[in-house]
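A.B. asks: If you read the sequence shown in the working numbering, its first letter stands for residue 80, the second for the next number, and so on. One structure, pasted below without further comment.
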Amino acid sequence: MDYLKNDRTRAARANPAALLPGAQTLIVLGYPYKYQTSSGIRIQNSSAPTGRIASYALYQDYHHYLRKKTKLFAAAIDQVSGRKNRFLFFIDSSAILEKDTAFMAGAGWIGKNSLLITPSYGSFQYLAVLLTDLLIEADEPFTTDLCGQCRRCITACPSGCITENHSVDANRCIAYLTIEYKGVIPGDLRAVIADRIFGCEECQLACPHNEYILRNLTDQNSSLVIEPTVDLIREMELSVETFQSKYGGTPITRATFQGFRRNLIIAMGNSRSQECLPILENTLFHDPSWLLRLHAAWAIASIMGQGSYQILSEVCRLETDYRVEAEILSLINEQK
Ligand code: B12
Ligand code: SF4
Ligand code: SF4
């Protein structure tokens, strides 16, 4: 996420008008999505260990379809204003801080979970921002912090990464670790990730302001393109090509093929399921990626406990990468 702090981004954030000559107004659009229950659900007729995907990623990639909708909205503004306006669109990837812009536009408040919450739709919504040279009278910022004394999200957060100032420590957030971060997941956070293979939404599920939307919202525009619960072993068997054909055009590809497999391996370790051992052993002994071998060693140790001593000692003699070797030695030491 380095792009958020480079000089170009900072300059544009300080002065959005530099991005669009003559810019006068920022307009924020919220687009609600439906939460899909996946927690604890097993795939029908299967005892296979499963992983779950956060609801926001189960639909067509919102970056694409929100862009289309935002363009339609801009065309409507042209029509109503009777002039051809200039627009720039921001959806998730720009200098503009979308939550803060929405707050300043009076759409809602920033919850303790750091997300934008609106009174009617809660926080299960994507945001899009338009910058335009049309001058529109500004709305007032949202003045009330409707979190009050509530701390449910802080208590519910599995990694304890919600800080006391309406912000999150992204380095520990499961959404960051499973989507954006491509390296070795710190040892103390692997178990915390549990079966979450892409994203996390515990801090939204816990929020009382989402109760209405959890019960009532039916979103006809966004039908599911991905199942919320997947079979870990079958997913691990996907080739790079079948991964692309299954997940191309969805947010999942943001994790990359390798990052997604790393997440599957961690979920396998957390499942404690013996069924995962053959594919994990194959990864540990044969996968060309040191990152995957490292996590596979951990997952095998999680499932087998002290029973993994022999296999870890054997692979340690063959391992050529110092990072994997160090992980294996530390796992072996833990068992002594
Ligand atoms: C980087 C990023 C992440 C990072 C860091 C998250 C974070 N909280 O900053 C990671 C990868 C962890 C992440 C995770 C998720 N993200 Co994200 N992410 C972004 C992104 C690209 C930038 C956010 C950013 O710049 N943060 C920087 C820090 C400094 O901001 P901050 O911690 O929020 O702090 C600011 C405010 O909280 C405010 N503030 C602090 N204290 C207080 C107190 C009060 C009273 C007030 C009013 C304000 C306030 O001031 C701070 C400085 O500006 C935005 C898109 C965008 N361009 O804006 C999407 C965005 C925030 N993400 C989004 C989503 C959906 C998610 C996930 C739910 C996805 C998932 N299910 O896994 C999780 C939620 C995790 C969480 N609790 O935040 C949506 C949120 C929609 C909403 N309703 O708010 C956005 C807007 C994308 C979009 N276009 O829809 N995300
Ligand atoms: S997304 Fe998950 S890990 Fe991140 S702040 Fe919310 S509950 Fe915590
Ligand atoms: S769970 Fe409570 S504290 Fe957290 S964002 Fe929702 S209302 Fe605010």
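Note that the Cβ used here is the ideal one computed from N, Cα and C, for glycine as well.
What's the C-alpha gap between residue 381 and residue 108?
C.D. replies: Locating residue 381 in the sequence shown gives position 302, counting from the first residue. Locating residue 108 in the sequence shown gives position 29, counting from the first residue. Each residue's alpha carbon lies about 44 Å from the other.
A.B. asks: Does the separation of the CB atoms of residue 212 and residue 165 fall below 9 Å?
C.D. replies: On the sequence shown, residue 212 is found 133 positions in, with the first residue counted as 1. On the sequence shown, residue 165 is found 86 positions in, with the first residue counted as 1. Cβ atoms of residue 212 and residue 165: closer than 9 Å.
A.B. asks: Bridge partners of residue 169, per DSSP?
C.D. replies: As a position in the sequence shown, residue 169 is number 90, starting the count at 1. According to DSSP, residue 169 bridges with 208.
A.B. asks: Would you mind sorting residue 274 into buried or exposed? The rule is 16 or more other CB atoms within 10 Å of its CB.
C.D. replies: Locating residue 274 in the sequence shown gives position 195, where the first residue counts as 1. The residue in question, residue 274, is buried, as its Cβ has 16 or more Cβ neighbours within 10 Å.
A.B. asks: Within 10 angstroms of its Cβ, does residue 154 collect 16 or more other Cβ (buried), or is it exposed?
C.D. replies: Position 75 of the sequence shown, counted from the first residue, corresponds to residue 154. Counting Cβ neighbours within 10 Å, residue 154 comes out exposed, since fewer than 16 surround it.
A.B. asks: Per DSSP, what kind of secondary structure is residue 111 in: helix, strand or coil?
C.D. replies: Position 32 of the sequence shown, counted from the start, is the residue given in the question as residue 111. Strand at residue 111.
A.B. asks: Could you tell me the alpha carbon to alpha carbon distance between residue 377 and residue 168, rounded to whole angstroms?
C.D. replies: Numbered from its first residue, the sequence shown carries residue 377 at position 298. Numbered from its first residue, the sequence shown carries residue 168 at position 89. If you take the alpha carbons of residue 377 and residue 168, they lie about 43 Å apart.
A.B. asks: Taking the beta carbon of residue 197 as the centre, do at least 16 other beta carbons fall within 10 Å, making it buried, or is it exposed?
C.D. replies: Residue mapping note: residue 197 aligns to position 118 of the sequence shown, counting from 1. The residue is buried, with at least 16 neighbouring Cβ atoms inside 10 Å.
A.B. asks: Can you pull the DSSP bridge partners for residue 195?
C.D. replies: Walking along the sequence shown from the start, residue 195 turns up at place 116. Beta-bridge pairing links residue 195 to 189.
A.B. asks: Report yes or no: do three or more beta-carbon pairs, one from the segment 265 to 272 and one from the segment 283 to 293, lie closer than 8 Å?
C.D. replies: No: fewer than three Cβ pairs fall under 8 Å.
A.B. asks: When DSSP builds the beta bridges, which residues end up paired with residue 310?
C.D. replies: Translated into positions along the sequence shown, residue 310 becomes position 231. For residue 310, which the question treats as bridged, DSSP gives the partners 129.
A.B. asks: Could you tell me the alpha carbon to alpha carbon distance between residue 129 and residue 157, rounded to whole angstroms?
C.D. replies: Residue mapping note: residue 129 aligns to position 50 of the sequence shown, counting from 1. Residue mapping note: residue 157 aligns to position 78 of the sequence shown, counting from 1. The alpha-carbon atoms of residue 129 and residue 157 are separated by roughly 48 Å.
A.B. asks: Is the CB-CB distance between residue 236 and residue 282 below 9 Å?
C.D. replies: By one-based count along the sequence shown, residue 236 stands at place 157. By one-based count along the sequence shown, residue 282 stands at place 203. Cβ distance < 9 Å, so residue 236 and residue 282 count as in contact.
A.B. asks: What is the DSSP secondary structure of residue 201, reduced to helix, strand or coil?
C.D. replies: What you label residue 201 is simply residue 122 of the sequence shown in a count that begins at 1. Reduced to three states, the DSSP call for residue 201 is strand.
A.B. asks: Does the contact criterion of 3 or more C-beta pairs under 8 Å hold for the segment 94 to 112 versus the segment 200 to 208?
C.D. replies: Yes: the two stretches touch, three or more of their Cβ pairs being nearer than 8 Å.
A.B. asks: What are the boundary residues of the alpha helix (DSSP H) that residue 345 is part of?
C.D. replies: Within the sequence shown, the letter at position 266 stands for residue 345. Looking at the DSSP string, the run of the alpha helix (DSSP H) that includes residue 345 is 336 to 350.
A.B. asks: Output yes or no for whether 9 Å exceeds the beta carbon distance between residue 251 and residue 240.
C.D. replies: Taking the first residue of the sequence shown as 1, we reach residue 251 at position 172. Taking the first residue of the sequence shown as 1, we reach residue 240 at position 161. Yes, the Cβ-Cβ distance between residue 251 and residue 240 is below 9 Å.
A.B. asks: Considering only C-alpha positions, which residue in the set 210, 133, 355 is nearest to residue 284?
C.D. replies: Residue mapping note: residue 284 aligns to position 205 of the sequence shown, counting from 1. Measuring from the Cα of residue 284, the nearest candidate turns out to be 133.
A.B. asks: Please report the Cβ distance between residue 191 and residue 143, rounded to the nearest whole angstrom; I am assuming they are in contact, meaning their Cβ atoms lie under 8 Å.
C.D. replies: The residue you call residue 191 lines up with position 112 of the sequence shown. The residue you call residue 143 lines up with position 64 of the sequence shown. With a Cβ gap of about 31 Å, residue 191 and residue 143 do not count as contacting.
A.B. asks: Relative to the C-alpha of residue 304, which residue among 136, 384, 314 is closest?
C.D. replies: Your numbering for residue 304 matches position 225 in the sequence shown. It is 136 whose Cα lies nearest to the Cα of residue 304.
A.B. asks: Out of curiosity, what's the CA-to-CA distance linking residue 337 and residue 223?
C.D. replies: Residue 337 sits at position 258 when you count from the first residue of the sequence shown. Residue 223 sits at position 144 when you count from the first residue of the sequence shown. About 43 Å.
A.B. asks: Apart from the five residues just before and just after residue 387, which ones in its own chain have a Cβ nearer than 8 Å to its Cβ?
C.D. replies: As a working note, residue 387 is residue 308 in the sequence shown. The answer, listed in chain order, is 379, 380, 410, 414.
A.B. asks: Are there any heavy atoms of ligand 1 lying less than 8 Å away from the beta-carbon of residue 113, as far as the coordinates show?
C.D. replies: For the purposes of this step, residue 113 is taken as residue 34 along the sequence shown, with counting starting at 1. No, the Cβ of residue 113 stays beyond 8 Å of every heavy atom of ligand 1.
A.B. asks: Classify residue 399: buried if its beta carbon has 16 or more other beta carbons within 10 angstroms, exposed otherwise.
C.D. replies: The residue given as residue 399 occupies position 320 in the sequence shown. Residue 399 is exposed by the Cβ-count criterion.
A.B. asks: Look up residue 277 in the DSSP assignment and give the residues it is bridged to.
C.D. replies: What you label residue 277 is simply residue 198 of the sequence shown in a count that begins at 1. DSSP lists 132 as partners of residue 277.
A.B. asks: Look at the alpha carbon of residue 328 and the alpha carbon of residue 140, and state the distance between them as a whole number of angstroms.
C.D. replies: Working through the sequence shown from its first residue, we reach residue 328 at position 249. Working through the sequence shown from its first residue, we reach residue 140 at position 61. Computed Cα separation, rounded: 6 Å.
A.B. asks: Taking the continuous alpha helix (DSSP H) assigned at residue 183, which residues delimit it?
C.D. replies: Your numbering for residue 183 matches position 104 in the sequence shown. Unbroken alpha helix (DSSP H) run through residue 183: 177 to 183.
A.B. asks: Hey, would you say residue 173 sits closer than 9 Å to residue 91, going by beta carbons?
C.D. replies: Counting from 1 along the sequence shown, the entry for residue 173 is found at position 94. Counting from 1 along the sequence shown, the entry for residue 91 is found at position 12. In this structure, residue 91 lies closer than 9 Å to residue 173 by Cβ.
A.B. asks: Assuming residue 31 contacts residue 311 (C-beta within less than 8 Å), just tell me the rounded distance between them.
C.D. replies: Residue 31 falls outside the range modelled here, since the chain spans only 80 to 415, and no answer is possible.
A.B. asks: Report the three-state DSSP secondary structure of residue 396 (helix, strand or coil).
C.D. replies: Position 317 of the sequence shown, counting from 1, holds the residue named residue 396. Helix at residue 396.
A.B. asks: Assuming residue 89 is part of the alpha helix (DSSP H), what are its boundary residues?
C.D. replies: The residue you call residue 89 lines up with position 10 of the sequence shown. Unbroken alpha helix (DSSP H) run through residue 89: 86 to 93.
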